[in-house]
Amino acid sequence: MNLNQSAPPVPPFGQPQPAYLGHHQSSYGGQPGSTTAPTSYGAYNGPVPGYQQTPPPGVSRAPPSSGAPPASTAQGPCGQTAYGQFGQGDVQNGPSSTVQMQRLPGYQPFGSAILAPVVSQPAVLQPYGPPPTSAQVTAQLAGMQISGAVAPASPPSGLGYGPPTSLASASGSFPNSGLYGSYPQGQAPPLGQPQGHPGAQPPQRSVPLQASSFTPPASGGPRMPSMTGPLLPGQSFGGPPVSQPNHVSSPAPQVLPAGTQMTGPPGPPPPPMHSSQQPGYQLQQNGSYGPTRGPQSNYGSPYPGAAAFGSQPGPPQPLPPKRLDPDAIPSPIQVIEDDRNNRGSEPFVTGVRGQVPPLVTTDFLVKDQGNASPRYIRCTSYNIPCTSDMAKQAQVPLAAVIKPLARLPPEEASPYVVDHGESGPLRCNRCKAYMCPFMQFVEGGRRFQCCFCSCINDVPPQYFQHLDHTGKRVDAYDRPELSLGSYEFLATVDYCKNNKFPSPPAFIFMIDVSYNAIRSGLVRLLCEELKSLLDFLPREGGAEESAVRVGFVTYNKVLHFYNVKSSLAQPQMMVVSDVGDMFVPLLDGFLVNVNESQAVITSLLDQIPEMFADTRETETVFAPVIQAGMEALKAAECAGKLFLFHTSLPIAEAPGKLKNRDDRKLINTDKEKTLFQPQTGAYQTLAKECVAQGCCVDLFLFPNQYVDVATLSVVPQLTGGSVYKYACFQVENDQERFLSDLRRDVQKVVGFDAVMRVRTSTGIRAVDFFGAFYMSNTTDVELAGLDGDKTVTVEFRHDDRLNEESGALLQCALLYTSCAGQRRLRIHNLALNCCTQLADLYRNCETDTLINYMAKFAYRGVLNSPVKTVRDTLITQCAQILACYRKNCASPSSAGQLILPECMKLLPVYLNCVLKSDVLQPGAEVTTDDRAYVRQLVTSMDVAETNVFFYPRLLPLTKSPIENTTEPPAVRASEERLSNGDIYLLENGLNLFLWVGASVQQGVVQSLFGVSSFSQITSGLSVLPVLDNLLSKKVRGLIDSLRAQRSRYMKLIVVKQEDKLETLFKHFLVEDKSLSGGASYVDFLCHMHKEIRQLLS
Amino acid sequence: MATYLEFIQQNEERDGVRFSWNVWPSSRLEATRMVVPLACILTPLKERPDLPPVQYEPVLCSRPTCKAILNPLCQVDYRAKLWACNFCFQRNQFPPAYAGISEVNQPAELMPQFSTVEYVIQRGAQSPLIFLYVVDTCLEEDDLQALRESLQMSLSLLPPDALVGLITFGRMVQVHELSCEGISKSYVFRGTKDLTAKQIQDMLGLTKPAVPVHPARPAQPQEHPSISSRFLQPIHKIDMNLTDLLGELQRDPWPVPQGKRPLRSTGVALSIAVGLLEGTFPNTGARIMLFIGGPPTQGPGMVVGDELKVPIRSWHDIEKDNARFMKKATKHYEMLANRAAANGHCVDIYACALDQTGLLEMKCCTNLTGGHMVMGDSFNTSLFKQTFQRIFSKDFNGNFRMAFGATLEVKTSRELKVAGAIGPCVSLNVKGPCVSENELGVGGTSQWKICGLDPTSTLGIYFEVVNQHNAPIPQGGRGAIQFVTHYQHSSTQRRIRVTTIARNWADAQSQLKHIEAAFDQEAAAVLMARLGVFRAESEEGPDVLRWLDRQLIRLCQKFGQYTKEDPSSFRLSDSFSLYPQFMFHLRRSPFLQVFNNSPDESSYYRHHFARQDLTQSLIMIQPILYSYSFHGPPEPVLLDSSSILADRILLMDTFFQIVIYLGETIAQWQKAGYQDMPEYENFKHLLQAPLDDAQEILHARFPMPRYVSTEHGGSQARFLLSKVNPSQTHNNLYAWGQETGAPILTDDVSLQVFMDHLKKLAVSSAC
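Here the protein sequences come in this chain order: S and D. Mapping of the first sequence onto UniProt numbering: position 752 corresponds to residue 752, and the numbering continues sequentially without gaps. Mapping of the second sequence onto UniProt numbering: position 311 corresponds to residue 311, and the numbering continues sequentially without gaps.
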C-alpha cells in the first residue's frame, strides 16, 4: 500500500482528502446507521483495505452471486482476488514509478481487475447481507482499512480510547487501515485503488486495472503514497461513531449482531461509498487510518496505557466496547489468499531486474531468464536505497535469504551443468566473480567487463564469440552462464582440497546403545529401518547405485566400530574405550559399499539390538563420537555425513562431558543467555575440525530429560547439519515421525565440503551471515554439508553509493562436492533495483523475508544479550521502519493514524509472532531444550518455513463441502475464529493439531474417528483411523499433503475442545494473547502505533 | 679323583645342584683367596621321574626368622618327637601327624636319599593355566599364514581348561573378546599412547565400579569370572571361535608408504597384555606369548622410527650413544617386566624377522619373568614351528614342562650367606639373616621370583663364606644350604620342592689339597661365565674381559704349580686343567664379544646362557666338535682348526647352531655322487651318520638350533671357522700349505698363544 506513497503524491492527496472525507462521512453516515463501526471501517476500507477483507466476506457469503468472478476469489472474495491480481502487479512493480505503470499494463490484472471489480462489488454487497458474522463484516471493512494499515491497533489500546474520541479514533484507525488501503499504494496506478476499497470496490476496481489494487483508488492520483491523510479524516468522522459500535460488538458476542449489521449496511452503502469515495480515496491512497485529529488525541491517551504491550499483555481494557475490531486489522490470511489468487497462475519470469516475486505461500512456476529463482534467493527488498543514509533512515534490513541447493518442483529444470574443461570456469581476474549474464562483452567480444568490479578482462580464445548488434554474444542463449540466473560449473582440480579430486562421500550411522536407547525400542527400530533405507542413499542423476559408502558405530560410554567388509563371514566389532583420545581403529571395511556388503550389514543390523539387549550402561559420551566419525572420514579422505542417534546428556568422563545446568530461574534475567550458549568451547573446536574435513553432522535426539540441546547442537549447527528432537520417544507414538524424518534426511541430496561466497557489485557488501555453517574469515561461508532445506541469510550494508542505472548485483557461488563425489560450483545471480526515493524501497519489500531475517537476527541476539533487550530492539527497529515510512512516504495526516506500507502491513502481526515465540518469550511448559532446539532450527529456515512457523496455518475442515477437494481456505490463528461445531487443522511446520469442537456433528465424528460421540474421541490421538468415507479420506489426504510440504514430518495431535491438551494448541493461536504473556495482535498493533508516534514526535 | 667326579654327578642327578667348590674353605678370608666364589648351579625343577611328590605339606622350623624345612640333615629325637633345625638349631615339636615316627618309620624327608623332596600343597584354589597370545599383524602374508597355523595348532595342545586370550596389534592394538556369537568383538587401543594399568582396566571394563575391591584383600580371580571371561576363556569353550578368529586374522590394514616401516605398537600391546592379566588374574600362573615380526616403531617402547632409511641401532650406535630410543624403550619394557613379574606372569618373545626386532630393549621381559626368547628368520621356518611346538611338550606324566609363579628361597647355615643369583629371576627383596651385604648377580635378598620355569631352567646362586678366620669350624663340620621352591605345577597344583645339601668345611691353609681336589671346574667355568655375562650387561666389553683375565690369572697363581718367573714350569692339576680353555673360549664367545653380532643377537645369546643348565652352558661356551671319518667311529675332536681335515665330516654343536661340515675330499665325493652308488654304501652311511646325530640334538633342544649344512669353502663354513681355535692362521707361516688343517684368516689369538701369555703372567711376580 505504502508503496504508492511517493512523495509527490502527497500534496495532491492532501487535497483529495477533504473530498474523500466528505464522502466517507456521508457514506458513513448512511452506513453507520446499520452497522456502526464496521461500516465506518468499511468506508475506509472501502477505499483502501476494503479489498481484502471485504471481499472475503463477500465471497463466503455471497458465493452465489460472486459465483462467476469469485471463482478465483473463492475465499477472499472477489475483492481480494481482484486485488491480488492487481495489487501484486502494481505493488511490486513499484506502483508509483513509471516503470511500474508500464508493467502493470502488461499484467493481466487489468482485464481481470475490471471484471473483478464489478463482480466483486455485487458480491460484496450480498455478502454483507447474508453473512451474519460480524467478523466478516468487520473483516470487510477492516480489510479495507487493514490493507491500508494497521491502524486498528489503536482500538485495543482502547484504554486510551476510552473516551468518545476513542471511538472516533478507533474508527479512524480502521479507516486508516483502509486508507492504507495502502491500496493507495497502488495509487500510482489508478487501477490499483479500486480493489482496495471494499466498499468502494466496485468502482475502484474497475478503475485500477493494475495489480496493486489499493493503489487504484489513488490511481487517480499519482499521489499514490499515503492517502492516509485523507482517509483518516474521513474515517474519523464517519468512522468514529460507527466504529464504536463495531468494536463493541466484535469484542464480545456481537458477532452476530455485527454481522447482521454489517450485512445490512455494507451491501448497499459500500457501493455508493466507494464510487463516491474513490476519488477521495485515491488521494489518500496509503491511507493510514484515522486521520482525524480527534482520534489522534484519543490514541495518544490510550497508548500510554498500552505502553505495557510491548513487553506484555495486558493492558486492562477499561472499555470493552472500544476494543479494536480484529477483523479490521491486516489479515495474513487475506494477504496470502490475494497473492495466491493474483500471482499463482502465471509463471514468474525472472528476466526483469528488481521484480518482487510472489509470496512464498503462493504456488507459482519460475522461468529463469537471467536472475535466480526466488526459490534460491529472496530479498527483503528488491529495490534498495542508493545510499547508506537512506538505508539507515529506513532501517529496513537489506538481506537475502539464500537456499543454494533448493529443491525445485518437477516442472522446473535443475540448473544446467557447464563444463569448461581444464581451464575451469571463467572468472573476473580481479574480484573472481564467475561469468554471468550481466557481464558486458566489449571490443567485439574480445574482452568483458566485470559487472561486479568493472574490471576489464580478456576473453580466453576458446571462449571467444562474436557479438550481435546489441552487443550481446551470439551464443548467449546457448550458454547457461550467459543467459540464466542459476547454473553450475564443473570444478577443476584447482577447486579441490589438496588438489585432488574428492572421493565419493560417506554416511556414518552412529547409534547410542545405552540403556535408554535400548529400552525405548529405538535401537531395534532404527536397525530394522536401516536395512531397507540403505538402498535409497542419494544418488546422482541416473546413477544406478549410490556412490555413498556407509559405516556404522554404536556407543554408550565407549565406542564400537564395525568392520562390515564384504569378504567377512560375520561383522567385526571393535571397541574403542579411549574416549579421551579418540581414533578410528580400522580403515578397510569400515566404510563400505552397501550393495557389496549387504549380507554383512544385514547381519550386523540384526545383531546390534541383540548384543545390547541386556545393557545396563546409562552413561554416554558425545564429543568423542563426533570426533570418531570425523576421524574416520579423514582416514578415508572423503567428506561425509554423520547421523547421530543420541538419547541423553553426555555425562561419562570424556571430552565434551556436560553437566545438567538447566535452570529455569535464569529466565528473564541477564543470565538467560547462558542457556543458549554452549557449556564448553570443546564443541566449537570440534566443529571446526569437522568443517575442515567436510564432515556434516545430523543429530537425532531422543531425550527423556534435559540433554542440553544448546551444547549438543553446536556441531550440527556449525557443520550445516540438522537437529531432530523427539522428546520422550516411544516407538508406538513416534515411530512414524522419526522414520519419516530419517528417510527424508538420509535420502535427500546433499552437497559436501562446501564453500559459499556472496559477491556483490560495488556499493554494497555482504557483512553478516545467519545459518548453519562455519566461517573462518569474514567472507567465506563454510559448510561441511548443505542440503536443499538449508538456507543462509546474508545481510548487506552499503559501503558506497549505488547507481540507479546499474542497480545492484548479487552473485552467490557455492563450491561443493556432489553426492557422487563430483566437485561443482553452483552460481546464482540476482539483479536488484536501486532507488533514490524511499517510497520505492517500501514498495518493493517482502515482509516474509524481512521476518525471516529479523527472527534470525533476534535468535542470534539471545546468545549475547538479555532476551528483553532483543525484544525491545526488534520492536524499535520495526517502529523505525514504519515511522520512516510514515514520515517520508505517507501523505501527511494526523499523527493518530497508523499508516502501514502495503508491503509491510503484516509486519506487526508477524513480528508479534516472533516476539511471542518460545525463544523470546517462553511459556511455563517450554523447556530450555525446546528453546535451544527451536532457536537453532530457525537459524537455517527458509522464508516459507519461518512464515508458517511463526504464523501457523489454521484450516477449517468441515466448513466447505466434503466434495470440495481443494485445500480449505485458512482462517486467522485466533480462538475467536474457531467454531465449536467444526474441526480444524493447525500446522506450523513442526506441529500438526486436529482441533475438534465440542459440538461437532456426530456424523462427522463417526466418519472421521470411527467412534460415535465426541466424548469417545481419544485426546492426544496421533493417528486417524483409516475409514472408508469421503471425509476421512479427505482429511487424511490433506494431512498427508501438508506433511509433504514440510521438511520435517509433523506428528498429528488430536485436541478436543476444552481438553487439557487444548492449552498446548492455543499456544499456536498467535493472534491471541498468550499464556506466557505475549500480546494479542490487536494489543501489539496499538503498542506499535504508539512507538511509531513517539518516533515521529 | 674319580670319586669327586662321581660325587658331583650323583649330586647333580639327585638335587640338580653343582657347586664350584665341593669342599668349602672355612673362613671368609680364605674363601676370597680361592678366586672362584663359592657358588652353585641350581636347576630347581630338574626332572626327577623317580621322585614322586609327597601329598602333604612340609614341616617348618618354628623360629620365625628361620622356617627351614625338615630335612635329612636334621637331628631327630624320635622319643621326644623333637627335631633340631640344622640351620638355626631350634628344637621343634613334630606336628601331630608325625606321632608315629621312629627310626624304622621315617617320613621321606628324613631319609638321606631324599635330600630333594617335592610336596604337594592341597590348600587353596587351583586356577587354570592362562595363555595370552599377543600377535603382531604387520607380517608378510606367508609369515602370517604360518603363524596362524602355529597358533591354531597350539590350541590343540593346550589343556582343555586352560584360559586363552588373544591380543593382536599393528598400528592399533586389539584385545579380542572371545565369547561372542555371530560377531567378533575386540577392544581397540591406539598404539601410540602409554596407558596406566588402571586406564587399561577401565577401558576394558575390568573394573567394577559398584563393588570396590577391598584394599586389604588381594582380589581373588574367582570373584569375577564373568569379567575376565570376556577376554580369557577356557579353551574347550571357544576352541572353534578362536580357531576361526585366528583364521580370519588379517594383516594390519593400514597402508605402509614406500620407504617406511609398518607401524608396530609392540610396547602398547605388551602393556595391555600385562595390564589385562594384572587386573584379572594377579598371582596366578600365566604366560604372555608375544609374537613379533619386526621392531616396535611407534608409541612407548618404540625401538626405531618408521623411516626405513634410518636403520635400527647397532652396537656401534650404542657405543657412540646414538641409539636414541634405546633407553626409553628399555625403561618401558623393564617397567612392564617388573609388573608382570610381581604378578607372577611370564612373558615369552617369539621374534621372527630378518632384521633386528628390538630384543635388546625387550630382553628384560623374558629375563625377569622366566619367559622364553626365540629368535628366527621367519615364522615360516621349522626353527620357529618346532620350537614353538616344543613349548607345549609334555613330561612322562603327561604334564606340561612348564611351571609358573615360582619363588626360590635359599637358607644357609650360619657360616654362609647368600650373595645373589643370576638367572631368569627377580629379587623379592626379602632380607634375612642369611643375606650377604656383598652382591653377586641379583642380591640383597634370600628369595627370588621365577615366573616361568621349566625342568631345565637353571640359576647360578652365589654365596659368601662369612665365618671369621679366627673362629675355626670344628673338624668334620658341614655347612648346609636349603633351596625351597614354591611353584605352580602345570597340573595347576601348588607344589614345594625342597633340596637340602651339605658340604664339608676345610681349612684352606692346611687342607688346600682337599679343596683343590673338590673343585668343579665345569661348574666354576659356568658360574664365572654367568658373572661375566651379568657384568657385560652393564659394563663395557673390554672391562669384563679384563676382569675375567685377572680372575683367571689369580686362579692360576693360586692353584698352579710353577717356579716363579719360569713360564715353562707352569702346571695345573687335573681338576683345573680345563678351566683356562673354557675361559679362552668364553672370551671369544658371543656372550662377551659383540663384534659381528647385532645387539638383538647378543641379547638372545645371553638370555639363553643365563638359564640353561651346566651341560648346555658348557656347549655354549665351548662348542663340541665331532669328527666322522672312515678311520673309526665318530669321535670328539679338539675345537681347533687342526681338526678341519679334508677327509672328515665335522659336526659342531654350539647350542644355537648345529653345523655339519664336509671336508674338502668328502665334499668332492659327494658332488661326484658316490653316495648313490651301491658299492660306496659305506660313504652314504658316513654322510648319514652326522645327520642322524644332528637330528637327535635338534629334537631334544629348546630352542631348536639353527641347522647349517656346509662344506669346505662354503660360505656357511664361517660358523665353524669362527668357533674353532685358530691354531693355524695366515700369520703362523709354518702352517701354510700343510695338510694339518685349515688356516683361519683371523687376527685372534690362538689358544696356544693365550696359554703362553697366561703362564707368563701367572708366574710373574709382578702381579
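Ideal Cβ positions, reconstructed from N, Cα and C, are used throughout, including at glycine.
Sub-7 angstroms separation of residue i and residue j beta-carbons
i	j	result
D:S722	D:S750	no
D:F291	D:D136	yes
S:N556	S:E617	yes
S:L850	S:A394	no
Rounded C-alpha distance that separates residue i from residue j
i	j	result
D:D640	D:F656	19 angstroms
D:G663	D:P37	43 angstroms
D:A340	D:G275	8 angstroms
residue 813 of chain D	D:K760	Missing from the structure shown is residue 813 of chain D; chain D here goes from 1 to 767 and no further.
D:F231	D:P300	23 angstroms
D:C66	S:D614	55 angstroms
S:S483	S:I608	54 angstroms
residue 775 of chain D	D:S709	This structure cannot speak to residue 775 of chain D, because chain D is shown only from 1 to 767.
S:I456	S:S567	59 angstroms
D:G398	D:L157	11 angstroms
Burial state of residue i, where buried means 16 or more other Cβ atoms lie within 10 Å
i	result
S:S373	buried
D:H489	buried
D:A471	exposed
S:K905	buried
D:F630	exposed
D:R171	buried
S:N852	buried
D:F595	exposed
Cβ-based neighbour list, residue i, same chain, cut-off 7 angstroms, excluding 5 preceding and 5 following
i	result
D:I272	I167, V173, V175, F189 and I200
residue 768 of chain D	For chain D, the structure presents residues 1 to 767; residue 768 of chain D sits outside this window and is missing.
D:M755	P580
Any non-hydrogen atom of the ligand HEM within 6 angstroms of residue i CB
i	result
S:F536	In the structure on display, the ligand HEM does not appear, and there are no ligands present to speak of.
Chain B residues whose Cβ lies nearer than 7 angstroms to that of residue i
i	result
D:M620	Among the protein chains of the structure shown, namely S and D, there is no chain B.
Chain-order list of residues whose beta-carbon lies under 8 angstroms from that of residue i (same chain, five-residue window excluded)
i	result
S:I377	A400, V401, I402, K403, L810, C812, H828 and L830
S:N595	E545
Residues of its chain near residue i, where Cβ-Cβ distance is below 6 angstroms and the 5 sequence neighbours each way are ignored
i	result
S:A491	R823, R824 and L825
S:A639	P505, G694, F752, D753 and T817
Practice task
Closer than 8 angstroms, Cβ to Cβ, to anything on chain D: give me those residues from the segment 583-601 of chain S, in chain order.
Solution key: F583, P585, L586, L587, D588 and G589
Practice task
Could you please tell me which residues of the segment 117-140 of chain D, in chain order, have their CB closer than 8 angstroms to any CB of chain S?
Solution key: none
Practice task
Below 8 angstroms between beta carbons is the criterion; list the residues of the segment 563-576 of chain S that meet it against any residue of chain D, in chain order.
Solution key: L568, A569, Q570, P571, Q572, M573, M574, V575 and V576
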